[in-house]
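> Mind looking over this structure? Questions follow.
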Amino acid sequence: MRLKRWLARMREPSVLRRLVVAQVVLVLALWLGLIAFAINDAVRDTSVFDSGHRFESIIAVTEALQDQPEQLQRVLQQIDLFQRLENGADDLPQLRMAMTVWRGAELVYASPGEPGAIPSPPGDGMQWVEGQGQRWRALTKQSQRSNVRVTLMLPGSATNVLLTLSSKGLLVLPLLISLPLLVLPAWISVRIALRPWRRVSHEIALRGAGDLSPLQFTPQHRELRPMLSAVNALLKRVQQGLQRERSFIADAAHELRTPLAAMRVHAEALQGRHQDDAQSQAWLQGMLRSEARATRLVGQLLALMRSDAAAQPPQRLALDELLQDRLAALDLLASSKGLELDCEAEAGLRVFGEHEGLASMLDNLTENAIKYSPPGGHLLIRLRREGQEALLEFHDQGPGIPEPWRERVFDRFFRVPDQAQQGSGLGLAIVRSVVLGLGGSIGLGDSALLPGPGGTPGLCVRVRLPLG
8 MRLKRWLARM REPSVLRRLV VAQVVLVLAL WLGLIAFAIN DAVRDTSVFD
58 SGHRFESIIA VTEALQDQPE QLQRVLQQID LFQRLENGAD DLPQLRMAMT
108 VWRGAELVYA SPGEPGAIPS PPGDGMQWVE GQGQRWRALT KQSQRSNVRV
158 TLMLPGSATN VLLTLSSKGL LVLPLLISLP LLVLPAWISV RIALRPWRRV
208 SHEIALRGAG DLSPLQFTPQ HRELRPMLSA VNALLKRVQQ GLQRERSFIA
258 DAAHELRTPL AAMRVHAEAL QGRHQDDAQS QAWLQGMLRS EARATRLVGQ
308 LLALMRSDAA AQPPQRLALD ELLQDRLAAL DLLASSKGLE LDCEAEAGLR
358 VFGEHEGLAS MLDNLTENAI KYSPPGGHLL IRLRREGQEA LLEFHDQGPG
408 IPEPWRERVF DRFFRVPDQA QQGSGLGLAI VRSVVLGLGG SIGLGDSALL
458 PGPGGTPGLC VRVRLPLG
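Each residue of the sequence shown is one higher than the one before, counting from 8 in my numbering.
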């Protein structure tokens, strides 16, 4: 049972195991690179042939003893034996260095056994020759004083033999020994490095279900700070979302109670005096107005919830076309008050957002401007590019908003005191929710283009949205 649990844990992805494996793989790759370099260097290197000035010694002996062939043979045999012993040929015949000595076309000496009297390759330098069924790496040097040529040869497999354990494992053996020994230090070092992450996990695990306060752990490690900042930002967003939900429920219940109570009063009054048709008609109209107010309030609450949730996937939208569509839909409302509505929209401005949210934003801004403008007034809506942003301005000739209230009007259900027009106080809250969701900004100011009542400036609403 314990073995099954261990195997199940080993099958699960692990950052610790991944980092340890990565370290071992990197070390292995480094070793393989070194081995590849050693092989390439061994193939190109000629020092193994000419260590201790072999060629000069053999050529000098051959030239000096050319009149004493028997003595020359004994000396060359001793040199050949020394070379075999130096390379460990008694233990590894594969590494036996062979030698041939030529005087012109005459073979003076050839090492006994393989490869035999292979003809000396033409020209000096490193070459490959064939003999005894295998390839030999040969280096030939010609005397500058005579026609004596000396060729030293190694089997072509000697380079591979150097990389085997049978050749005392000078390269592979340290690798095979060091790799297992690297696993434990790598595991310990990575586990110590991940200790701050475990501390964060422990702090989160100890929290209660309703504790959304920021994590108090202050990391000293640069790699941990972005993750901790992201977690704290997420906790803050969740906390704000929950607070919005609580406020929404409380505010909606409070605001819906008044119009619904009024509807009940009007309905009861209508039932008690149904014999008077004119009076009943008046009460009926009051009931319908209250019902319309409640319906609009519920619609705005739903729009606000949709703007917070942003359920639809975002897409690139032509803001000028969407603005024209929404103004056309609200043209009848503006005409009912005799308002002159002008729109100056720069074409080709696109933003990345959600269609329903943008439409709700434009509808609320336009309806607010129509509602607070005096009959027969003038509305000006402008859309243009400013840098990497789209600037949307709504100018109206209404009474404006006093500066102390210009931030408060974005709060839900807030209405400027002593305001004559009826409303729920949700329009600008919906607009700000949409704008912030798109990464933009919104501000209120005095209109420099249209005058308000009594010569005071009208209101200007400025919305800035990043271009998509």
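Glycine residues also receive a C-beta, built at the ideal position from the N, C-alpha and C atoms.
If I follow the unbroken beta strand (DSSP E) through I484, where does it start and stop?
With the chain represented from 8 up to 475, any question about residue 484 goes unanswered, as that position is not in the structure.
> Measuring alpha carbon to alpha carbon, tell me which residue in P119, N154 and M160 is nearest V136.
Nearest of P119, N154 and M160 to V136, Cα basis: M160.
> Is the stretch 25 to 35 touching the stretch 191 to 211 in the sense that three or more CB pairs, one from each, lie closer than 8 Å?
Yes: the two stretches touch, three or more of their Cβ pairs being nearer than 8 Å.
> Counting only runs of 4+ residues fully inside the stretch 192 to 254, write out the alpha helix (DSSP H) ranges in chain order.
The stretch 192 to 254 contains these whole alpha helix (DSSP H) runs: 202 to 212.
> Below 6 Å CB to CB, which residues in the same chain sit around V68 once its five sequence neighbours on both sides are set aside?
Excluding sequence neighbours, V68 sits near V82.
> Buried or exposed: T265, going by 16 or more other Cβ atoms within 10 Å of its Cβ?
The residue in question, T265, is exposed, as its Cβ has fewer than 16 Cβ neighbours within 10 Å.
> Name the two residues that bound the continuous beta strand (DSSP E) containing E393.
Run containing E393: H385 to E393, per the beta strand (DSSP E) assignment.
> Taking the alpha-carbon positions, what's the T166 to W143 distance?
Low confidence applies to T166: its pLDDT is 48, below 50, so where it sits in the model is not reliable enough to give any reading.
> For R413 and R392, what's the separation of their Cα atoms in angstroms?
Roughly 25 Å separates the two Cα atoms.
> So what's G462 in DSSP terms, helix, strand or just coil?
Residue state, collapsed to three classes: helix.
> Output the distance between the C-alpha atoms of Q75 and I66, rounded to the nearest integer angstrom.
Computed Cα separation, rounded: 15 Å.
> Restricting to Cα atoms, I'd like to know which of R357, V272, P382 and S367 is closest to E396.
Nearest option by C-alpha distance: R357.
> Does DSSP classify S174 as helix, strand or coil?
Its pLDDT being 45, under 50, S174 is placed unreliably by the model, and nothing is read from it.
> So what does DSSP say about D349, is it helix, strand or coil?
Correct three-state label for D349: strand.
> Closest by CA to P406, which one among Y379, G384, L387 and P119?
Checked all of Y379, G384, L387 and P119; the closest Cα to P406 is Y379.
> Assign W360 to buried or exposed, taking buried as 16 or more other Cβ atoms, counted over all protein chains shown, within 10 Å of its Cβ.
Residue 360 is actually Gly in this sequence, not Trp. Flag for G360 reads buried.
> Hey, is V108's beta-carbon within less than 9 Å of any beta-carbon in chain B?
The structure shown contains no chain B; it holds only a single protein chain.
> Would you list the residues sitting across from Y116 in a DSSP beta bridge?
In the DSSP output, where bridge partners are listed per residue, Y116 has V108.
> Between the alpha carbons of P233 and R205, how many angstroms are there, rounded?
Cα-Cα distance, rounded: 16 Å.
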